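Novice:
Chains as they are written, first to last, in this note's numbering: chain A, 10 to 255; chain B, 11 to 245.
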């Protein structure tokens, strides 16, 4: 099946801005091997739809309409992790959540509510908290490089984080909410290091034996990490293969 | 105005259609957009190969990697203001927006609307643009722009030279207030701030019939803008 060349240029401009930051029309033309007039026409097309914006220096950057476009979309990792999150929630009977690191916060992007009993932990997609609190946050923070950690400026006891890194998971009690216990393991992305965490959250009344789920938690976070790496590799291959349109 | 590429624009229109209407077959897209089905299929293939859409059965949907592009739009600015926007919106029960300059216009980067089962609110969608010389956000941003940029915008006919005196006042006061200038029935109060080369503003937008005591909100708005600025310096 044929592709539409100029449509492909438009999409390529967005990907170029994502990987190289703000660019002038001339820079875009050089990077994509286009004539200046074609690059200009493509950028104007994108700008009319607010998919790119123009800075005062004349450089174009990714535009605000992209935010609206993606507003209803599930997070990339949520799509990958969903079946595994569900399986863990069903086997443990407790609520399982995936939280991704965003700046100095953890944001819940996927969850499956457990059904061990009428007392259940409810999480909203989009719920955010500091990386410095809760098992979900600490499991991410403990695996960030010391430089990145320092830059975030969160006040967390280093010995707590060291312990998380040694054990491979974080455990907290009543840090985000009273009477709630969390166990969390990091989700890593081959090259990029830790990107998220997988957590089992339970009411304190069921906390006593919660650690029996640690092996399943760690195996699942490993599986999500692996699936993520496979996906990224296939996307990279596809875009390399298709990088010369026509 | 420069020409646009019609084919590229149709591909973008497909992305917007899939975002608004959810997943769809090529047939459905063809009908809704009044574009030939063969063309729709070729555009979808183009988008599929670049990972912008995914296929499930016979239906196409936006691919989750679109979120990655969305996250790359002014990440620091949005991150540093997120908490402040929702706090302000919740506290005042009004719509709060973050705007920056996009070429000769102001564009909305974030919008926080208070949650309510039923109420009258001003809406200013993310990605929508408006003339800089007629909204509180635009005027606030204009007032903080370097002299050279302001002069260029005046030369280009984007703003009127008579506006300069008002901009000087806004700069001195640290805020801009408008009533029914851009849209009848809408009032705004905006405080600008600078991040590197980028000038941004946070504004409270209210229906004019509730704007009587809008200025009372200024100290709180200024405090939250200051907090966002402090956070930006850390990032």
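Think of the CB as a built atom: it goes at the ideal place given N, C-alpha and C, for glycine as much as any other residue. In this text, all values refer to a predicted model and were calculated from it rather than measured experimentally.
Scan the stretch 74-92 of chain B for residues whose Cβ lies nearer than 9 Å to a Cβ of chain A and list them as they occur along the chain.
Specialist: Taking 9 Å as the Cβ-Cβ cut-off against chain A, the residues of the stretch 74-92 of chain B that qualify are 74, 75, 76, 77, 78, 79, 80, 81, 82, 83, 84, 85, 86, 88, 89, 90 and 92.
Novice: Is the shortest distance between the beta-carbon of residue 27(A) and the beta-carbons of chain B less than 7 Å?
Specialist: Chain B contact via Cβ: present.
Novice: In this structure, how does DSSP classify residue 18(A) when only helix, strand and coil are distinguished?
Specialist: In the structure shown, residue 18(A) sits in a helix (DSSP, three-state: H, G or I).
Novice: Would residue 91(A) count as contacting chain B if we go by Cβ distances under 7 Å?
Specialist: So, not an interface residue.
Novice: Is there a C-beta anywhere in chain A that falls below 7 Å from the one on residue 213(B)?
Specialist: It does not; no Cβ of chain A falls within 7 Å.
Novice: Taking CB distances under 7 Å as the criterion, tell me whether residue 84(A) reaches chain B.
Specialist: Yes, residue 84(A) lies at the interface with chain B (some Cβ there is under 7 Å from its Cβ).
Novice: Relative to the C-alpha of residue 22(B), which candidate in 63(B), 222(B) and 91(B) has its C-alpha closest?
Specialist: Residue 22(B) has its Cα closest to that of 63(B), out of 63(B), 222(B) and 91(B).
Novice: What residue ranges within the stretch 59-140 of chain B form continuous alpha helix (DSSP H) runs of no fewer than 4 residues, ordered along the chain?
Specialist: The stretch 59-140 of chain B contains these whole alpha helix (DSSP H) runs: 75-81 and 85-102.
Novice: To which residues of the same chain is residue 138(A) closer than 7 Å at the C-beta, ignoring the five residues directly before and after it?
Specialist: Once the five neighbours on either side are set aside, the close Cβ partners of residue 138(A) are 114, 115, 146 and 185.
Novice: Measure how close the beta-carbons of residue 219(B) and residue 199(B) come, nearest whole angstrom, since I'm counting them as under 8 Å.
Specialist: Their Cβ separation, rounded to whole angstroms, is 15 Å, which puts residue 219(B) and residue 199(B) out of contact at 8 Å.
Novice: So residue 123(A) and residue 191(A) are in contact, right, with Cβ under 8 Å, and what is the actual spacing, rounded?
Specialist: Actually they are not in contact, since the Cβ atoms of residue 123(A) and residue 191(A) sit about 13 Å apart, beyond 8 Å.
Novice: For the stretch 39-60 of chain B, which residues have a CB atom closer than 8 Å to at least one CB atom of chain A, in sequence order?
Specialist: Here the close residues are 49, 51, 52, 53, 55, 56, 57, 59 and 60.
Novice: Which term fits residue 229(B), buried or exposed, when burial requires 16 or more other beta carbons within 10 angstroms of its beta carbon?
Specialist: Under this definition residue 229(B) is an exposed residue.
Novice: Look at the alpha carbon of residue 133(A) and the alpha carbon of residue 105(A), and state the distance between them as a whole number of angstroms.
Specialist: Rounded to whole angstroms, residue 133(A) to residue 105(A) spans 12 Å at the Cα level.
Novice: Does any CB atom of chain A fall closer than 7 Å to the CB of residue 17(B)?
Specialist: Yes, because at least one Cβ of chain A sits closer than 7 Å to the Cβ of residue 17(B).
Novice: Using the Cα positions of residue 189(A) and residue 180(A), report the straight-line distance between them to the nearest angstrom.
Specialist: Their Cα atoms are separated by approximately 11 Å.
Novice: I need the straight-line Cα distance from residue 170(B) to residue 52(B), nearest angstrom please.
Specialist: Approximately 46 Å between the Cα atoms of the pair.
Novice: Mind listing the chain B neighbours of residue 54(A)? Cutoff is C-beta to C-beta under 8 Å, in chain order.
Specialist: Here the neighbours are 14, 15, 18, 19 and 22.
Novice: The alpha helix (DSSP H) that contains residue 191(A), what's its start and end?
Specialist: Careful: residue 191(A) lies outside any alpha helix (DSSP H), inside the beta strand (DSSP E) at 189-198.
Novice: I'd like to check one pair, residue 116(B) with residue 140(B): are the Cβ atoms closer than 7 Å?
Specialist: Taking 7 Å as the Cβ cut-off, residue 140(B) and residue 116(B) qualify as a contacting pair.
Novice: Taking C-beta pairs closer than 7 Å, name the residues in chain B that residue 7(A) reaches, listed in chain order.
Specialist: No answer is possible for residue 7(A): the residues shown for chain A start at 10 and end at 255.
Novice: Since residue 251(B) contacts residue 91(B) with CB under 8 Å, what's their CB separation in whole angstroms?
Specialist: The first residue shown for chain B is 11 and the last is 245, placing residue 251(B) beyond what the model contains.
Novice: Return the bridge partner residues of residue 209(A) from the DSSP annotation.
Specialist: 105(A) and 192(A).
Novice: Let me check understanding here. Comparing Cα to Cα, which of 125(B), 24(B), 241(B) and 30(B) lies closest to residue 44(B)?
Specialist: Closest by alpha carbon: 24(B).
Novice: Taking CB distances under 7 Å as the criterion, tell me whether residue 88(A) reaches chain B.
Specialist: Taking Cβ atoms only, chain B reaches closer than 7 Å to residue 88(A), which makes this a yes.
Novice: DSSP on residue 125(A), reduced to helix/strand/coil?
Specialist: Here residue 125(A) sits in coil by DSSP.
Novice: DSSP three-state call for residue 114(A): helix, strand or coil?
Specialist: Residue 114(A): strand per DSSP, three-state reduction.
Novice: When the distance is taken between beta carbons, is residue 19(B) closer than 7 Å to residue 25(A)?
Specialist: No, these two residues do not count as a Cβ contact at 7 Å.
Novice: For the pair the stretch 194-207 of chain A and the stretch 151-167 of chain A, tell me if three or more CB-CB distances fall below 8 Å.
Specialist: Yes: the two stretches touch, three or more of their Cβ pairs being nearer than 8 Å.
Novice: Starting from residue 70(A) and walking both ways along the beta strand (DSSP E), at which residues does that stretch end?
Specialist: Residues 69-71.
Novice: Who are the near neighbours of residue 65(B) in its chain, counting only those whose CB is closer than 7 Å to its CB and skipping five residues on each side?
Specialist: 58.
Novice: Which first and last residues belong to the alpha helix (DSSP H) in which residue 151(B) is found?
Specialist: Element bounds for residue 151(B): 146-154.
Novice: Would the stretch 64-81 of chain A and the stretch 71-87 of chain B be scored as touching if the rule is three or more Cβ pairs under 8 Å?
Specialist: Yes, since at least three Cβ pairs between the stretch 64-81 of chain A and the stretch 71-87 of chain B fall closer than 8 Å, the two stretches touch.
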